[in-house]
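For reference, the structure discussed in these notes is given below.
There are 2 protein chains.
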Amino acid sequence: MSERKRSHWGWGWADKFPGTEQRKQLGQQLGMMLGIEPTGPAEPVALDDVALHDARVAAPEKLSFVTDEREERIRHTYGRAFTDVARGFVGDFSPAPDLVAHPTTEEEVGHVLDWAQGAKVAVVPYGGGTSVVRGVECPLPPGFAGTLSLDLRGLDRVLEVESTSRTARIQAGATGPRLEEQLAEHGMTLRCFPQSFEHSTLGGWIATRAGGHFATNYTHIDDLTAAIRALTPAGVKEGEVWASRRLPGSGAGPSPDRMMLGSEGTLGVITEAWMRVRPKPQFRASASVRFQKYEDAVAACRAVAQSGLFPSNCRLLDSREAKLNMVATDGSAVLLLGFESADHALEPWMARALELAKDFGGEPSEPKYSDSGKKTGDSGQAGSWKNAFIEMPYLQNVLLSLGVIADTFETAIPWDRFEELHAAIVKNVRGAMKEVSGSPCHLSCRFTHVYPDGPAPYYTFIAPGRPGAELEQWAAIKKAASDTLIEHGATITHHHAVGRTHRPWFRKQRPQGFGDALRALKGALDPEGILNPGALI
Amino acid sequence: MSERKRSHWGWGWADKFPGTEQRKQLGQQLGMMLGIEPTGPAEPVALDDVALHDARVAAPEKLSFVTDEREERIRHTYGRAFTDVARGFVGDFSPAPDLVAHPTTEEEVGHVLDWAQGAKVAVVPYGGGTSVVRGVECPLPPGFAGTLSLDLRGLDRVLEVESTSRTARIQAGATGPRLEEQLAEHGMTLRCFPQSFEHSTLGGWIATRAGGHFATNYTHIDDLTAAIRALTPAGVKEGEVWASRRLPGSGAGPSPDRMMLGSEGTLGVITEAWMRVRPKPQFRASASVRFQKYEDAVAACRAVAQSGLFPSNCRLLDSREAKLNMVATDGSAVLLLGFESADHALEPWMARALELAKDFGGEPSEPKYSDSGKKTGDSGQAGSWKNAFIEMPYLQNVLLSLGVIADTFETAIPWDRFEELHAAIVKNVRGAMKEVSGSPCHLSCRFTHVYPDGPAPYYTFIAPGRPGAELEQWAAIKKAASDTLIEHGATITHHHAVGRTHRPWFRKQRPQGFGDALRALKGALDPEGILNPGALI
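Heads up: the sequence lines are chains A and B, in that order.
The C-terminal position of the first sequence is numbered 538 in the working numbering, with every residue numbered one higher than the one before it.
The C-terminal position of the second sequence is numbered 538 in the working numbering, with every residue numbered one higher than the one before it.
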């Protein structure tokens, strides 16, 4: 059996990219649904036809797990931002790393950092390669001899499961499925399901502060992390490992874990972490609520977020998002509600949440309950949405081949500022799309997470592209979106990261002096500045 | 009406220190209860009789809110650690600051930092002065001309309340009662009730990562903080203010707020923060559960902590703690359970928690429910404990005057390591008390917070002192406790801080390289090193 291969240019598995004829049909359907006229379909440049520069640096022989093999370098060039997929599609892999390392032990990671500091080689920690902010792309920085992609997927084991404390020690290179299958042997689950779950890794989730499965309460990877182990370039020189204690909580100084969380590969290479795991849920409850008016749906969503009921699902789809995902086609906004527990039946929780939704004019479906440990949430409106969620990134591949620009952006904002922000986003992003595309476009919004003090809105935009101008068009739309977010007090991330894409806006968001603080930290932990130069800081 | 004065040497209000005769009687009761023979009672050195060194530095005239007045300097010398109270009692105020500043605006805070950098004066941010880790005590550091206590209590206003998002902008110098009374005008509450609530301030809570009212779920001040505003010495030079955005969540880079949280006045002076507030609870449920065996009680407590029910109270008192606090005198361990909500009645929550407790042999009281917004939790066993909680620090004053050493220490530890840690603490701390006191002593334990992955045990020890040797005896007991915590994988804090007291153990706890990281941060934000030198780092 040959190994299933990922696409060398687009999202996910290569075998999931439909044939030309099928894409043509999809394009016609899209045209009818969104009023966007597709072109093409065009075909991606084949792996063998990619032109690649020669490696500028060679690794010493003792680093036997480092390669300059052409396909490896191509496959480690990009993450999966729109910009990455668009460049990969046309065969532009100019920022390819010179070398790719496949360590299988922490010691080997240390050897790479040790050598790279002396050889002035930039090192980009690489997990699933699913960054949507150019977080793993590293064009040769000034003063460097070469670049190396440090692929950590060889460190993919669950090393210990501590059932009493519900914690597990997991290597950073484990992908979602890899770590879940190992945890399942102990009846445990991490329940962190970012959209990239199939391919992304624990280390990547920590480095980018991934948002997880739950719509409320402890869901950020930050909250699930009990301790982090990392190698820093300075530490490697001193023979030291950065390792925090496994603790349920501590007030001792600023948290060292919170320093690594979100560091995006610029301060150290995360090698493993103690994570807070849990038994698989046994009880589930799900329902969906339709709203005629979006403002009412937002208010209901806020009431549930502030109720202390802590639903596992509380995702509000606006009418366009509901339509796009085939959850509702009558113009309703839909609130998907779910609860899950390994401990107790959930009727009182769901009943109260539906009461709150009804207070704001919501029309709920009959809630479904399950106490068998079997899923019930995969049918009906919630199920439609969930399937769409997993498949959505694949759609971007297809649309690109049809000459259509499709992307998403996210943020978080206090409830009191959402209405104004949303209106500005609709105006400015629609305006930008109109300007660069001159034709009808799609913009929709869902909430991925909700907090007592605000929602995390997630926008999808789709606009027709002009062949050869797609990157420019995308940049104009992205700028309109990002400027609006920053002007209206929201946060600038995508799949929770800053990367290279968001740096100009991140500078405006962060406190004055925080840039100096980050640079000082980097100076202490990575004095040669070899780790992921150009990202974040 | 004259202003109520705090004790110049001991915990809390001066008028709460009982007269000689009353203390004598308390001593006799204590002798019977714990088998400890008190001495004295001795009398504290009166404020007027304290010998104080002259101020070594003078502030410029434009800093009109800075004083070198004798009483002010005495009152700002110490926090309220055992070591502080013991030194204050005998009139030793040798580490007194030279100056005390009472700014009432952020601008005035900036003027102090500006001047102090040039004049090489160490600045200690001061809130309630309730540190139990020598966090506000600042003996003259080498190379400094003098020391200044920066009392922030003049910045005590709630500046904005945003009801839709349930957030409030609060100045850092507001004490617990001050901020709660202002929030109450808007029907809101922060619900952060550390034991020091009456005197300590929001800024102090943030700087020391205070633990709050709730025994589970979002309770740390870290979780309640939506944005922080601070002045750093470097920022003051550049005319910059460190201010993060008010956001419900963000994955953009390492969190700047988490850098200030726990910084203990060494990186910046926190001037205000946006805090997550909530309406006062309307529904309450409370019950207590007795256990014959402590191991069963621990297991039950763990089951509740891992259930996802999120009780507001889940405090386990061992049999000695239950006895000391007059919650149970029959040798039972007692689990105090409570739920509260502003949204929904709590019967299903409490019912399931009691089921879990019964699974482990617990004998629950009849649960009490209230839906009127009135408290029911203040009677019965929970009520006894709550009153004891508030009054406990006052007892230390009394015991000290009776020649008795009484103090507490805290930690957090994964569930799987608790039993071993607890056994070692009992052995080593009892051993140390026996060695320095040679007579029967008291050691008891309660859980202040519980997490899915572990409890936060909090120990009380009481041992007879030898006149004049109390500090030495205390240090030996403290060392035994702290060594044991660090050896057994626990965390070293007290009321969540490191301060000056815990530095040797904090160095062992933190990751290798984290000290360099903190020093680098400090170098960037406080290049002259004027902020609280000697604390934390």
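Don't be surprised by glycine CBs; every beta carbon is placed ideally from N, CA and C.
Just so we're clear, the structure is a prediction, and the values are computed from it rather than from any experiment.
Name the DSSP bridge partner or partners of residue i?
i                     : result
residue 456 (chain A) : A:451
residue 314 (chain B) : B:339
residue 285 (chain A) : A:341, A:371
residue 123 (chain B) : B:148
residue 276 (chain B) : B:169, B:226
residue 462 (chain A) : A:408, A:444
residue 190 (chain A) : A:279
residue 215 (chain B) : Answer by DSSP bridge pairing: none, since residue 215 (chain B) is not bridged.
Classify residue i as helix, strand or coil using the three-state DSSP reduction.
i                     : result
residue 49 (chain B)  : helix
residue 527 (chain A) : coil
residue 339 (chain B) : strand
residue 10 (chain A)  : coil
residue 493 (chain B) : coil
residue 532 (chain B) : strand
residue 411 (chain A) : strand
residue 442 (chain B) : coil
residue 355 (chain B) : helix
residue 365 (chain A) : strand
residue 334 (chain B) : strand
residue 347 (chain A) : coil
residue 498 (chain A) : strand
residue 262 (chain B) : coil
residue 538 (chain A) : coil
residue 106 (chain B) : coil
residue 78 (chain A)  : coil
residue 270 (chain A) : strand
residue 521 (chain A) : helix
residue 179 (chain B) : helix
Shortest alpha-carbon distance to residue i belongs to which of the options?
i                     : options                    : result
residue 358 (chain A) : A:405, A:297, A:395        : A:297
residue 499 (chain A) : A:166, A:265, A:68, A:100  : A:265
residue 136 (chain A) : B:253, B:338, B:104, B:538 : B:253
residue 340 (chain B) : B:282, B:392, B:493        : B:282
residue 485 (chain A) : A:522, A:421, A:446, A:445 : A:421
residue 362 (chain A) : A:332, A:459, A:291, A:106 : A:291
residue 289 (chain A) : A:267, A:318, A:308, A:60  : A:318
residue 240 (chain A) : B:505, B:23, B:512         : B:512
residue 26 (chain B)  : B:16, B:38, B:15           : B:38
residue 203 (chain A) : A:189, A:229, A:313        : A:229
Assuming residue i contacts residue j (C-beta within less than 8 Å), just tell me the rounded distance between them.
i                     : j                     : result
residue 416 (chain A) : residue 303 (chain A) : 5 Å
residue 489 (chain A) : residue 431 (chain A) : 16 Å between Cβ atoms; not a contact.
residue 157 (chain B) : residue 179 (chain B) : 5 Å
residue 449 (chain B) : residue 411 (chain B) : 7 Å
residue 397 (chain B) : residue 272 (chain B) : Contact flag wrong, Cβ pair sits at about 32 Å.
residue 454 (chain B) : residue 227 (chain A) : 6 Å
residue 125 (chain B) : residue 82 (chain B)  : In fact, because the Cβ distance is near 15 Å, the residues do not count as touching under 8 Å.
With hydrogens ignored, establish whether the beta-carbon of residue i is closer than 7 Å to any heavy atom of the ligand ADP.
i                     : result
residue 189 (chain B) : Annotation note on the ligand ADP: not contained in the displayed structure, which lists no ligands.
Check your understanding: Between the stretch 485-496 of chain B and chain A, which residues of the former have a C-beta closer than 7 Å to a C-beta of the latter?
Key -> Only 490, 492, 493, 494 from the stretch 485-496 of chain B bring a Cβ to less than 7 Å from some Cβ of chain A.
Exercise for review: Taking only beta carbons into account, state which residues of the stretch 232-253 of chain A come closer than 8 Å to chain B, listed in chain order.
Suggested key: Within the stretch 232-253 of chain A, the residues whose Cβ lies closer than 8 Å to some Cβ of chain B are 233, 235, 236, 239, 241, 242, 243, 244, 245, 246, 247, 248, 249, 250, 251, 252, 253, listed in chain order.
Exercise for review: Give the residues from the stretch 498-511 of chain A that approach chain B closer than 8 Å (Cβ to any Cβ), ordered along the chain.
Suggested key: Answer in chain order: 498, 499, 503, 507, 510, 511.
Check your understanding: Listed in chain order, which residues of the stretch 159-171 of chain A have Cβ atoms closer than 9 Å to some Cβ of chain B?
Key -> Answer in chain order: 163, 164, 165, 166, 167, 168.
Check your understanding: Taking Cβ-Cβ distances below 7 Å as the criterion, which residues of the stretch 58-86 of chain A are in contact with chain B?
Key -> Those residues of the stretch 58-86 of chain A that come within reach of chain B (Cβ to Cβ, closer than 7 Å) do not exist; the list is empty.
Review point. Listed in chain order, which residues of the stretch 169-194 of chain A have Cβ atoms closer than 9 Å to some Cβ of chain B?
Key: Listed in sequence order: no entries.
Review point. Name the residues in the stretch 456-473 of chain A whose C-beta lies less than 8 Å from a C-beta of chain B; which are they?
Key: Going along the stretch 456-473 of chain A in chain order, one finds 456, 457 with a Cβ nearer than 8 Å to chain B.
Check your understanding: Which residues, in chain order, does the stretch 22-49 of chain A contribute to contact with chain B at a C-beta distance below 8 Å?
Key -> Answer in chain order: no residues at all.
**Study point:** Interfacial residues, the stretch 349-374 of chain A to chain B, with Cβ spacing under 7 Å
**Key:** Answer set for the stretch 349-374 of chain A: 349, 353.
Practice item. Taking a Cβ distance cut-off of 8 Å, strictly less, list which residues of the stretch 193-211 of chain A are near chain B, in chain order. Key: For chain B, the residues of the stretch 193-211 of chain A that bring a beta carbon within less than 8 Å of one of its beta carbons are 209, 210, 211, in chain order.
Exercise for review: With 7 Å as the limit, tell me which residues of the stretch 295-314 of chain B have their beta carbon closer than that to any beta carbon of chain A; keep them in chain order.
Suggested key: Of all residues in the stretch 295-314 of chain B, only 307, 308, 309 come within less than 7 Å of chain A when Cβ atoms are compared, listed by chain position.
Review point. What residues in the stretch 513-527 of chain B have a beta carbon less than 9 Å from any beta carbon of chain A?
Key: Answer in chain order: 513, 514, 515, 517, 518, 519, 520, 521, 522, 523, 524, 525, 526.
Practice item. With 9 Å as the limit, tell me which residues of the stretch 435-456 of chain A have their beta carbon closer than that to any beta carbon of chain B; keep them in chain order. Key: Cβ proximity to chain B below 9 Å picks out 450, 451, 452, 453, 454, 455, 456 from the stretch 435-456 of chain A.
Exercise for review: Can you give me, in chain order, the residues of the stretch 255-267 of chain A that have a beta carbon less than 8 Å from any beta carbon in chain B?
Suggested key: Shown in chain order are the members of the stretch 255-267 of chain A whose Cβ falls below 8 Å from a Cβ of chain B: 255, 256, 257, 259, 260, 261, 262, 263, 264, 265.
Check your understanding: Taking Cβ-Cβ distances below 9 Å as the criterion, which residues of the stretch 314-333 of chain B are in contact with chain A?
Key -> Answer set for the stretch 314-333 of chain B: empty.
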